[in-house]
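Just so we're aligned: 135 in numbering that gives the first Met the number 0 is position 136 of the sequence shown, and the numbers increase by one with no gaps anywhere. Glycine is no exception: its CB is placed at the ideal position from the N, C-alpha and C atoms. Remember, it's a predicted structure, so these values are computed and weren't measured experimentally. Take a look at the structure set out below.
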Amino acid sequence: MDLPGLFWSAHIDDLKKGYIRQEDKYICLLDGTELEEGIIYQEDGVFYSAERYMKLHITQKYGSVFDYLIGLDKKLTGLTEHQSRLLHLFYQGKSDNEVQKETGIGSASTIRNHRFALKEKERQAKVFLTMMELLKDRDRHAPSIVEVPVKAPMLDERYNITATENEKVLAKYFPDGPDGRLKTFDLQQKHKLIVLRHLVQRFERGRTYTEKEVNEVLSSAYDDYVTVRRYLIEYGLMDRKEDGSQYWVAE
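Shown next as structure tokens:
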């Protein structure tokens with residue numbers, strides 16, 4: 000499942016909910032959790048339908064979709080830390096006077112001016128999105144770009160990867176096919192990222208692995224699996240407990 004692709008292509012109504020329905024499954028856009036329609040889920044003695052349990056999952060894990068989104072990198076939200084803080088306070092239902100007291104910014108009228116500026120940003124975003132949608136129908140030369148991971152630890156030119164470039168790199172360094180062995184890991188940073196994003200797909204999202212299990216998966220792709228494992232952690236593609244006892248695919 001291409002979680003970044005699902006997230007970035009989702010309709011705003013689905014993003015607001017934090018999940019989508021595909022055939023007989025509900026898929027969380029925030030972490031890829033899948034729940035099957037028709038199955039009853041139980042927690043603390045309460046029984047839930049798949050959709051209701053998905054809503055509970057999002058609330059328990061993230062608080063709200065808003066909390067998740069406001070915590071994304073500012074390069075994705077386009078917000079300054081100051082704007083993010085104000086939005087968070089507004090979302091909590093605080094009045095202008097309460098926000099002013101909590102932030103120590105100017106006066107209540109200053110907060111109203113910030114509200115106006117954020118509203119203007121919303122209007123600009125709507126116009127820009129509309130233009131981009133119209134552009135898709137006319138721009139025949141735009142390359143297909145590989146979607147940026149929502150929780151990418153860094154956002155720079157390394158993520159400017161076209162689908163064609165991605166395929167060429169994988170074909171070059173996996174000569175026996177995408178499920179085969181890696182030819183070399185002595186790569187430039189951008190190509191290293193492409194290879195790592197491919198290798199992490201060999202792990203099951205939502206499952207925890209021991210270090211031994213991680214090594215077994217990676218050793219089937221490359222002899223120096225320790226180095227590859229370290230880079231998967233450094234690039235934020237996998238997470239682990241501090242003692243290294245458990246590993247899992249990062250959200």
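Worksheet item: What's the C-alpha gap between Arg228 and Asp185?
Response: 14 Å
Item to complete: Could you work out which residue in Asn159, Tyr18, Val45 and Gly44 is closest to Glu35 when comparing CA atoms only?
Response: Tyr18
Worksheet item: Is there contact here, the region 51–67 with the region 229–244, by at least three beta-carbon pairs under 8 Å?
Response: By the Cβ criterion, the region 51–67 is not in contact with the region 229–244, since fewer than three pairs of Cβ atoms, one from each stretch, lie closer than 8 Å.
Worksheet entry | Residue range of the unbroken beta strand (DSSP E) whose run includes Val248 | Tyr246 to Val248
Item to complete: Look at the alpha carbon of Asn159 and the alpha carbon of Tyr47, and state the distance between them as a whole number of angstroms.
Response: When only Cα atoms are considered, Asn159 and Tyr47 end up about 42 Å apart.
Fill in: N-terminal and C-terminal residue of the beta strand (DSSP E) that Arg20 is part of
Tyr18 to Gln21
Discussion item. So, with DSSP's three-state summary, where would you put Leu29?
Written reply: coil
Worksheet item: Which same chain residues, not among the five before or five after Ser106, have their C-beta less than 8 Å away from its C-beta?
Response: Gln99
Practice prompt. Alpha carbon to alpha carbon, how far is Leu195 from Thr183? Give it in angstroms, no decimals.
Written response: 12 Å
Fill in: Beta-bridge pairing of Asp238 - partner residues as DSSP gives them
Trp247
Worksheet item: Met131: buried (16+ other C-beta within 10 angstroms of its C-beta) or exposed?
Response: exposed
Worksheet item: Can you pull the DSSP bridge partners for Val45?
Response: Glu42
Worksheet item: According to the Cβ coordinates, are Tyr246 and Tyr208 closer than 8 Å?
Response: Yes, Cβ-Cβ distance for Tyr246 and Tyr208 is below 8 Å.
Item to complete: Leaving aside the five residues before and after Cys27 along the sequence, list all residues of the same chain whose C-beta is less than 7 Å from its C-beta, in chain order.
Response: Gly17, Tyr18, Met53, His56 and Ile57
Practice prompt. Just list the alpha helix (DSSP H) runs in the region 170–248, keeping only unbroken ones of 4 residues or longer that don't cross its boundaries, in chain order.
Written response: 188–198, 210–218 and 224–233
Worksheet item: Looking at the structure shown, is Leu71 part of a helix, part of a strand, or coil, going by DSSP?
Response: coil
Worksheet item: DSSP state of Thr161, grouped into three classes?
Response: strand
Worksheet item: Cα separation between Leu133 and Leu71?
Response: 27 Å
Worksheet entry | C-beta atoms of His87 and Ile69 nearer than 8 Å | Contact: yes.
Practice prompt. Give the range of the alpha helix (DSSP H) segment to which Asp95 is assigned.
Written response: Segment Asp95 to Thr102, the alpha helix (DSSP H) holding Asp95.
Item to complete: In the DSSP assignment, find the unbroken alpha helix (DSSP H) run with Thr79 in it and report its ends.
Response: Thr79 -> no alpha helix (DSSP H), and no H or E assigned at all.
Practice prompt. Report the three-state DSSP secondary structure of Glu50 (helix, strand or coil).
Written response: helix
Worksheet item: Would you report the Cα separation of Ala170 and Lys191, rounded to the nearest angstrom?
Response: 14 Å
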